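Numbered continuously in this note's numbering, the sequence shown closes out at residue 310.
The C-beta atom is built at its ideal place from N, Cα and C for all residues, glycine as well.
Nothing here was measured: the structure is a model prediction, and the numbers come from that model.
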Amino acid sequence: MDKIVILPGGISVTLSFFERSDIEENCRRISEIINSNIFSPANSRNPFVKSAFIELLVCMRDLMFKTEKFAARISFDDDVVKTAKVNDVTDLIKFVRDALCHPEIEHHYLIPGSIKATFNICIGKGTLMSIGDITLKSDYDDDVCFFFGAQKIYLTRHIIRAFEEARKRLAPLL
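Listed below in structure tokens is the structure:
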């Protein structure tokens with residue numbers, strides 16, 4: 137059954153049962169993955185880190201899409217490496233999800249067609265690598281940073297923050 141919600145300002149939003157179910161399932165899986173501590177230093181060699189990250193980003197991408205469609209885009213840009221394709225955290229999540237799901241695309245390259253660097257992880261502050269004028273580094277001791285080409289996404293500063301903002305914006309609709 138569809139649910140019609142009147143938002144502040146008199147805006148009417150209709151969510152289908154399936155859309156509400158997708159949002160609730162995304163939130164449940166994101167919470168479970170984050171709370172599993174799979175991305176902690178103790179699990180750095182766990183063979184399921186990449187699988188967990190793929191599912192996390194697939195769920196986050198869908199959640200960002202639905203947040204923009206039914207509430208408002210998550211658009212903070214703190215620590216986002218801005219490019220022609222990435223302007224804010226929603227773009228960043230899409231970029232990383234696309235890289236995870238499509239290993240053949242250019243998102244994996246530091247230098248198009250010549251140097252590929254994908255799914256590299258830095259736990260805490262540190263420099264992963266420097267090649268010419270390109271440096272892949274994590275700026276924070278208290279976060280986990282994932283790299284895809286020259287792009288990076290932080291677990292806490294990007295993913296968890298975007299998740300919490302999306303839940304807050306979507307809560308009145310569920």
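Three-state secondary structure (DSSP) at Thr271?
strand
Close Cβ partners of Arg303 (< 7 angstroms) along its chain, the five nearest in sequence each way excluded:
These residues qualify, in order along the chain: Cys163.
Nearest-angstrom Cα distance between Ala340 and Ser172?
This structure gives no information on residue 340, because the portion of the chain shown stretches from 137 to 310.
Using the three-state DSSP reduction, which class does Asn182 fall into: helix, strand or coil?
In the structure shown, Asn182 sits in coil (DSSP, three-state: anything other than H, G, I, E or B).
Based on DSSP bridge pairs, tell me the residues matched to Cys357.
The chain is shown from 137 up to 310; residue 357 falls before or after that span and cannot be answered.
Since Ile295 is in the beta strand (DSSP E), which residue starts that stretch and which ends it?
First-last for Ile295: undefined, no H or E at that position.
Assuming contact is defined by CB atoms lying nearer than 8 angstroms, are Lys273 and Phe282 in contact in what I supplied?
no
Assumed close pair Met196, Ile295 - CB separation to whole angstroms, cut-off 8 angstroms
6 angstroms
Out of Asp215, Phe175 and Lys186, which one is the CA nearest neighbour of Phe255?
Among Asp215, Phe175 and Lys186, the Cα nearest to that of Phe255 is on Lys186.
Beta-carbon within less than 7 angstroms of Ile267's beta-carbon, same chain only, minus the 5 sequence neighbours each way: which residues are those?
Leu246 and Ile251
Val222 (DSSP reduced to helix, strand or coil)
Per DSSP, reduced to three states, the secondary structure at Val222 is coil, with no helix or strand assignment.
Reduced DSSP secondary structure (H/G/I, E/B, other) of Val216:
Coil at Val216, not helix or strand.
Out of Asp269, Ala253 and Asp279, state which residue places its alpha-carbon closest to the alpha-carbon of Gly262.
Asp279
Less than 8 angstroms between C-beta atoms, sequence neighbours within five positions excluded: which residues of the same chain meet that for Ile114?
Outside the shown range of the chain (137 to 310) lies residue 114, about which nothing can therefore be said.
Per DSSP, what are the beta-bridge partners of Met316 in this structure?
With the chain covering 137 to 310 only, the question about residue 316 has no answer from this structure.
For Ile159 and Leu310, the rounded distance between their alpha carbons
When rounded, the distance between both Cα atoms is 8 angstroms.
Going by other Cβ atoms of all chains shown within 10 Å of its Cβ, with 16 needed for buried, is Ala220 buried or exposed?
exposed
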